[in-house]
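Residue numbers (the working numbering): 110 to 456.
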């Protein structure tokens with residue numbers, strides 16, 4: 110179910126498209142807002158030092174067990190070094206290319222990919238780990254070496270999966286991860302979670318009416334730390350050091366303000382593209398609703414209609430940042446005398 114639900118239908122009697130049980134179940138999960146799985150690549154390492162550092166980081170410096178593709182469990186401060194040695198990363202010729210100077214693009218091929226498999230808060234962690242084991246075995250076993258670790262220190266349980274990029278038995282063959290690869294992995298991981306008895310779905314955000322792109326991990330962690338600090342009691346905040354504001358977000362807001370004062374810009378073109386995509390999505394949903402009604406799925410068709418009607422309005426990142434800035438300025442410039450105190454009530 111990319112941006113074309115109808116294409117998943119099959120020709121039935123009379124040559125009309127007909128949605129099968131799998132497609133109907135997918136529509137039911139989507140309009141019912143079944144929790145969405147997340148599969149993302151959070152970078153990778155281009156040398157042995159980077160691979161060791163990431164393995165140490167996800168194992169919390171040896172405190173958490175690392176499961177390998179051979180079914181072994183490595184734990185302790187030396188676990189990362191043992192895994193890197195076992196994978197023979199020193200034989201990967203790409204790592205011996207010189208590291209680029211500061212500010213230059215790093216064109217060295219990756220030694221390992223860092224993949225994250227995540228589920229929303231409340232999902233049993235052991236089931237996420239069980240699904241991740243099957244996912245890794247089906248995609249990488251006997252081809253690409255891998256190790257994984259389960260994290261439960263955040264509300265959403267997730268598994269960090271480190272995969273060696275070079276094929277184990279075919280020299281020159283490498284693991285490339287493209288957008289289609291991630292889409293297929295999301296659908297596969299969602300199916301594996303359902304096999305564990307956990308409701309899970311995998312659909313593109315545009316199909317669900319979401320227009321906001323998720324932030325990258327460093328930005329997400331910085332913003333989360335700022336929100337957590339702001340929610341602390343005043344007395345507790347005074348005894349702590351405030352997290353540093355996000356430099357990237359400040360620069361992005363400055364760019365938005367410059368573009369607003371300069372008039373029409375590339376953000377307008379981005380908004381037009383987003384509106385065009387929304388029209389395609391709505392047209393596809395309307396066609397799907399028609400197919401459901403012809404097949405007698407009137408209740409599901411009505412749910413799909415309500416689902417599309419409640420989609421949020423299209424809004425670019427620039428517009429969202431600008432609106433947030435306006436609200437912040439509005440509250441900052443509001444003086445105490447502008448706030449009317451409630452008049453006492455008399456009986």
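Glycine residues also receive a C-beta, built at the ideal position from the N, C-alpha and C atoms.
Q) Helix, strand or coil for residue 390 per DSSP? A) In the displayed model, residue 390 falls within a helix according to three-state DSSP.
Q) Is residue 423 helix, strand or coil when you go by DSSP? A) Residue state, collapsed to three classes: coil.
Q: List the DSSP bridge partners of residue 283.
A: Note: residue 283 is bridge-paired with 275 in the DSSP secondary-structure output.
**Q.** Best match in 154, 423 and 418 for proximity to residue 272 [C-alpha to C-alpha]
**A.** Residue 272 has its Cα closest to that of 154, out of 154, 423 and 418.
**Q.** Burial state of residue 267, where buried means 16 or more other Cβ atoms lie within 10 Å
**A.** When all chains shown are included, residue 267 counts as buried.
Q | Helix, strand or coil at residue 230 according to DSSP, with G and I counted as helix | A | If DSSP states are grouped into helix, strand and coil, residue 230 belongs with coil.
Q: Give me the Cβ distance between residue 201 and residue 220, rounded to the nearest whole Å; I'm assuming they're in contact under 8 Å.
A: Contact between residue 201 and residue 220 holds: their C-beta atoms lie close to 6 Å from each other, under 8 Å.
Q. Touch check for the segment 138-152 and the segment 301-314: three-plus C-beta pairs under 8 Å?
A. A contact between stretches requires three or more CB pairs, one per stretch, nearer than 8 Å, and the segment 138-152 meets this requirement with the segment 301-314.
Q: Kindly indicate which residue of 232, 396 and 403 has the alpha-carbon position closest to the one of residue 263.
A: The option with the nearest alpha carbon to residue 263 is 232.
Q: Taking residue 136 as part of the alpha helix (DSSP H), name the residues at either end of that continuous run.
A: Run containing residue 136: 130-140, per the alpha helix (DSSP H) assignment.
Q.
Taking a contact to mean a Cβ-Cβ separation below 8 Å, would you say residue 286 touches residue 148 in this structure?
A. Not a contact, by the Cβ cut-off of 8 Å.
(Q) Can you tell me whether residue 154 is helix, strand or coil according to DSSP? (A) The answer is strand: DSSP assigns residue 154 an E or B state.
Q. Can you round the beta-carbon distance between residue 254 and residue 294 to whole angstroms, since I take them to be within the 8 Å contact cut?
A. Taking 8 Å as the upper bound for CB-CB distance, residue 254 and residue 294 are not in contact here, some 18 Å apart.
Q. Looking at C-beta atoms only, is the number of pairs between the segment 185-199 and the segment 232-246 that lie closer than 8 Å three or more?
A. Remark: fewer than three beta-carbon pairs, one from each stretch, lie closer than 8 Å, so the segment 185-199 and the segment 232-246 are not flagged as touching.
Q) Apart from the five residues on each side of it in sequence, which residues of its chain come closer than 7 Å, Cβ to Cβ, to residue 417? A) 391 and 394.
Q) Rounded to a whole number of angstroms, what is the C-alpha to C-alpha distance between residue 227 and residue 301? A) Straight-line Cα distance between these residues: approximately 12 Å.
Q. Can you name, in chain order, every residue of its own chain whose Cβ lies under 7 Å from the Cβ of residue 454, other than the five neighbours on each side?
A. Because residue 454 sits at a pLDDT of 48, beneath the cut-off of 50, its placement in the model cannot be relied upon, and the following sentence gives the value as read from the coordinates. So the list is empty, once near-sequence residues are dropped.
Q: Could you spell out the range, first to last residue, of the alpha helix (DSSP H) harbouring residue 344?
A: Counting along the chain, the alpha helix (DSSP H) containing residue 344 begins and ends at 343-347.
Q. For residue 237, which three-state DSSP category applies?
A. Three-state result, residue 237: helix.
Q: Can you have a look at residue 278 and say buried or exposed, based on whether 16 or more other CB atoms are within 10 angstroms of its CB?
A: With a 10 Å radius around the Cβ and a threshold of 16 neighbouring Cβ atoms, residue 278 comes out exposed.
Q) To the nearest angstrom, how far is it from the Cα of residue 259 to the Cα of residue 265? A) Looking at the two C-alpha atoms, the distance is approximately 11 Å.
Q: Quick one: give me the first and last residue of the beta strand (DSSP E) that residue 258 is part of.
A: Annotation for residue 258: the continuous beta strand (DSSP E) segment containing it runs 255-260.
Q. Quick one: what's residue 176 bridged to in DSSP?
A. In the DSSP secondary-structure assignment, residue 176 is bridged to 182 and 257.
Q: Sort out for me which residues DSSP pairs residue 267 with in a bridge.
A: DSSP output for residue 267 lists 227 and 260 as bridge partner(s).
Q: Note down, in chain order, each residue of its chain lying with its Cβ closer than 6 Å to the Cβ of residue 165, except the 5 sequence neighbours on either side.
A: Answer for residue 165: 189, listed in chain order.
**Q.** Helix, strand or coil at residue 199 according to DSSP, with G and I counted as helix
**A.** Reduced to three states, the DSSP call for residue 199 is helix.
Q.
Please classify residue 168 as buried or exposed, where buried requires at least 16 other C-beta atoms within 10 Å of its C-beta.
A. The residue is buried, with at least 16 neighbouring Cβ atoms inside 10 Å.
Q) Per DSSP, what kind of secondary structure is residue 406 in: helix, strand or coil? A) Three-state result, residue 406: coil.
Q.
I'd like the span of the alpha helix (DSSP H) that includes residue 312, first residue to last.
A. Element bounds for residue 312: n/a, residue is neither H nor E.
Q. So what does residue 149 bridge to, in DSSP terms?
A. 225.
Q) By DSSP, does residue 288 sit in helix, in strand, or in coil? A) DSSP places residue 288 in helix when its eight states are reduced to three.
Q) Looking at the structure shown, is residue 220 part of a helix, part of a strand, or coil, going by DSSP? A) Here residue 220 carries a coil assignment [DSSP, helix/strand/coil].
Q: To the nearest angstrom, report how far apart residue 447 and residue 387 are at their CA atoms.
A: Here residue 447 scores only 49 on pLDDT, less than 50, and its place in the model should not be relied on; the value that follows carries that caveat. Distance from the CA of residue 447 to the CA of residue 387, rounded to the nearest whole angstrom, comes to 41 Å.
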